[in-house]
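**Student:** If you want this note's numbering, it's the 1-based position in the sequence shown plus 56.
Mind having a look at this structure? Questions to follow.
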Amino acid sequence: MRSLTSPTILMCPPDHYGIEYEINPWMSRSHKSDAEFARQQWQGLKSLLESLGADIKLLEPVPGLPDLVFTANAGLVFRDTVYLSRFRYPERQRETPIDAAWFQANGFSAKEVTPGDFEGAGDALFVGETLVAGYLVRSDATVHQWLGGQLGCAVLPVQLVNTRYYHLDTCFCPLNASTAIWYPPAFDEYGQKAITACVPKLIEVTDNEAARFACNAVVVGQHVALNSGCPDLETKLKGVGYTAHATPLDEFIKAGGSAKCLTLRLDGEDAAAWRSVVERRA
Numbered sequence: 057m058r059s060l061t062s063p064t065i066l067m068c069p070p071d072h073y074g075i076e077y078e079i080n081p082w083m084s085r086s087h088k089s090d091a092e093f094a095r096q097q098w099q100g101l102k103s104l105l106e107s108l109g110a111d112i113k114l115l116e117p118v119p120g121l122p123d124l125v126f127t128a129n130a131g132l133v134f135r136d137t138v139y140l141s142r143f144r145y146p147e148r149q150r151e152t153p154i155d156a157a158w159f160q161a162n163g164f165s166a167k168e169v170t171p172g173d174f175e176g177a178g179d180a181l182f183v184g185e186t187l188v189a190g191y192l193v194r195s196d197a198t199v200h201q202w203l204g205g206q207l208g209c210a211v212l213p214v215q216l217v218n219t220r221y222y223h224l225d226t227c228f229c230p231l232n233a234s235t236a237i238w239y240p241p242a243f244d245e246y247g248q249k250a251i252t253a254c255v256p257k258l259i260e261v262t263d264n265e266a267a268r269f270a271c272n273a274v275v276v277g278q279h280v281a282l283n284s285g286c287p288d289l290e291t292k293l294k295g296v297g298y299t300a301h302a303t304p305l306d307e308f309i310k311a312g313g314s315a316k317c318l319t320l321r322l323d324g325e326d327a328a329a330w331r332s333v334v335e336r337r338a
């Protein structure tokens, strides 16, 4: 087991980030991002996470891969293994070899998933011992069930029904093994009931703050980094013992991403039961 003594997060500088194609409802080539603002906002998030004790590892940006900046989609990390994404859209499929090379060079075993679409931690998030998995828009439920067999964990497949919330991490954010932030209208009726049964404490975000990607947050201990403009969620987080840290990320919302999309936790999310086992062994 690699020894990760602090929260460790993979990020990719936005040197080549931009709206070069349209693969989700947020993207519009007529609504370009500002390169300098994007760099400032990305740096602001990085500095914030470092101030919260995170060790930031960097993936080198590559020309022609504007969405490589969204490292959450590189794969699903489980202990020393990363299950690599199999992107639905050709525009992002060239990212996978870049991601695989980084993981292999940094001590991970990089594995391909069974045939089918799978977009990494964007659509697969642990809540305790259960892997909650979003499907239909970008990922296939069959891949998630295969992953459950590989990892030896229960899988809760939930259907996403709003293409504006095309990944699970745009509408669901576990804080710990029993608490999560969510936006119910992003899920079908069964998904809403299943999540309610699985997660004892749920913090619902408003329509307006969901559109500010309030759920697309990064949890580091009792701290939550999220996009600015979500005061209602900030108040609710304080009420359950968390400290919210807002930082502007509007340039990335233009591509359908925010704080969580820009990060991949390499040592396991705080809400994942397997992470506490790794900590006890370290």
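Built from N, CA and C at the ideal position, the CB exists for glycine as well.
Just so you know, these numbers come straight off a predicted model, no measurement behind them.
Look at the alpha carbon of His-72 and the alpha carbon of Gly-313, and state the distance between them as a whole number of angstroms.
**Tutor:** Going by the C-alpha atoms only, they are around 15 Å apart.
**Student:** Let me know the secondary structure DSSP gives Asp-225 once reduced to three states.
**Tutor:** Here Asp-225 sits in helix by DSSP.
**Student:** Return the CA-CA distance between Gly-297 and Phe-164, expressed in angstroms with no decimal places.
**Tutor:** Gly-297 and Phe-164: Cα-Cα distance of roughly 34 Å.
**Student:** Considering only residues of the stretch 82 to 154, which uninterrupted beta strand (DSSP E) runs meet the minimum length of 3 residues and lie entirely inside it, listed in chain order?
**Tutor:** Those beta strand (DSSP E) runs which fall completely within the stretch 82 to 154 and span 3+ residues are 111 to 114, 131 to 134, 137 to 140.
**Student:** By DSSP, does Leu-289 sit in helix, in strand, or in coil?
**Tutor:** In this structure, Leu-289 counts as helix in the three-state DSSP scheme.
**Student:** By the 10 Å Cβ neighbour count, where 16 or more other Cβ atoms means buried, how is Asp-323 classified, buried or exposed?
**Tutor:** By the 10 Å Cβ count, Asp-323 comes out buried.
**Student:** Which parts of the stretch 234 to 307 are runs of the alpha helix (DSSP H), unbroken and 4 residues or longer, counting only runs that do not cross its ends?
**Tutor:** Runs found: 245 to 254, 263 to 266, 287 to 295.
**Student:** Is Leu-212 near Ala-242, with beta carbons less than 7 Å apart?
**Tutor:** No; because the gap between Cβ atoms is not below 7 Å, this pair is not in contact.
**Student:** Helix, strand or coil: which one does DSSP assign to Ala-327?
**Tutor:** Coil, per DSSP.
**Student:** What is the DSSP secondary structure of Ser-314, counted as helix, strand or coil?
**Tutor:** Ser-314 falls in the coil class under three-state DSSP.
**Student:** Give the single residue among Pro-69, Leu-132, Val-183, Tyr-77 whose Cα lies nearest to the Cα of Ala-327.
**Tutor:** Nearest of Pro-69, Leu-132, Val-183, Tyr-77 to Ala-327, Cα basis: Val-183.
**Student:** Return the CA-CA distance between Met-57 and Ile-65, expressed in angstroms with no decimal places.
**Tutor:** Any reading at Met-57 is ruled out, since the residue's pLDDT is 39, under 50, leaving its predicted position unreliable.
**Student:** Just the Cα atoms here: how many angstroms apart are Phe-159 and Val-138?
**Tutor:** Going by the C-alpha atoms only, they are around 8 Å apart.
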